[in-house]
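Engineer:
In this note's numbering, the protein residues as written are 693 to 783.
1) State the CB to CB distance for the pair residue 634 and residue 723, rounded to an integer number of angstroms; the pair is presumed to be in contact (CB under 8 Å).
2) Following the continuous beta strand (DSSP E) through residue 707, name the residue where it begins and the one where it ends.
3) Given a cut-off of 9 Å on the beta-carbon distance, is the pair residue 730 and residue 714 in contact?
4) By DSSP's criteria, residue 751 is part of a beta bridge. Which residues make up the other side?
5) Pick out whichever of 779, 760, 769, 708 has its Cα sitting closest to the Cα of residue 718.
See below:
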């Protein structure tokens, strides 16, 4: 089943939704330590610190976002990232 082999990721700020797509993985700046989410990850809710998000797309491209603090929820291969701000960057 395709859903099990990818994540559906959305990054939302108070102003807009800045990213919405399927991806292979996402790395996040957790408040206790950085962590990575892959398909079939256990459900989790975590606070996020200001830092970088790294997304590996289904086309093996890497996208970075510089974020303000916020929260992430992971459930059933759906990753919702709610942050103060998010700006796309190169590295």
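No residue lacks a Cβ here, since even glycine has one placed at the ideal position from N, Cα and C.
Just so it is clear, the structure is predicted and the values come from calculations on it, not from any experiment.
Structural biologist: Looking at the atomic coordinates:
1) Only positions 693 to 783 of the chain appear in the structure, and residue 634 is not among them; the question remains open.
2) Taking the first residue of the chain shown as position 1, residue 707 is located at position 15. Note, residue 707: premise wrong, no beta strand (DSSP E); not H, not E.
3) Along the chain shown, read from residue 1 onward, the residue named residue 730 stands at position 38. Along the chain shown, read from residue 1 onward, the residue named residue 714 stands at position 22. Against a cut-off of 9 Å, the Cβ pair of residue 714 and residue 730 comes out as no contact.
4) Position 59 of the chain shown, counted from the start, is the residue given in the question as residue 751. DSSP, once it has assigned bridges, lists no residue as partnering residue 751.
5) Position 26 of the chain shown, counting from 1, holds the residue named residue 718. Minimum Cα distance to residue 718 is reached at 769.
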